[in-house]
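Its first residue numbered 239, the sequence shown is counted upward by one per residue in my numbering.
Quick reminder that beta carbons are idealized off the backbone N, C-alpha and C, glycines included.
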Amino acid sequence: MQRYRVLQTYVPPLIADWILEQSNLRETSVSVVIRDHLVAAWNRDNDHADRPGGTDPARQLVFLTTALDALLASHSDDTLRKRTHAAYHRRLAQLGFIPSREKETSNEE
239 MQRYRVLQTY VPPLIADWIL EQSNLRETSV SVVIRDHLVA AWNRDNDHAD RPGGTDPARQ
299 LVFLTTALDA LLASHSDDTL RKRTHAAYHR RLAQLGFIPS REKETSNEE
């Protein structure tokens, strides 16, 4: 299992305020916001890197999601896949990647 390493840095107040605002909007920790931005930057820098298919994070993600969906679809509990998708959408909304259902319905008024 992969272990995360702690890094520390100093940033200008403007960036610190922006990170804190992102943390509040996403309702998550500052650490998660910073990690997400660093991972996104790393992915951008490494998009065209020449690496074996098994170590490419994008390919691994496609394989994992395909395999997981197949396992959920064939599980004996036929509601498990639907409940997993609902939990996934709630998590996306919580992280700010999609609008929450409450925000969607309140905008329709």
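Check	Outcome
Between which two residues does the alpha helix (DSSP H) holding ILE253 run?	251-264
With DSSP as the reference, label TYR326 as helix, strand or coil.	helix
What is the residue span of the alpha helix (DSSP H) that GLN298 lies within?	295-312
Answer yes if the stretch 261-275 comes into contact with the stretch 327-334, meaning at least three C-beta pairs across the two stretches below 8 Å, and no otherwise.	yes
Going by DSSP in three states, ASP274 sits in which element: helix, strand or coil?	helix
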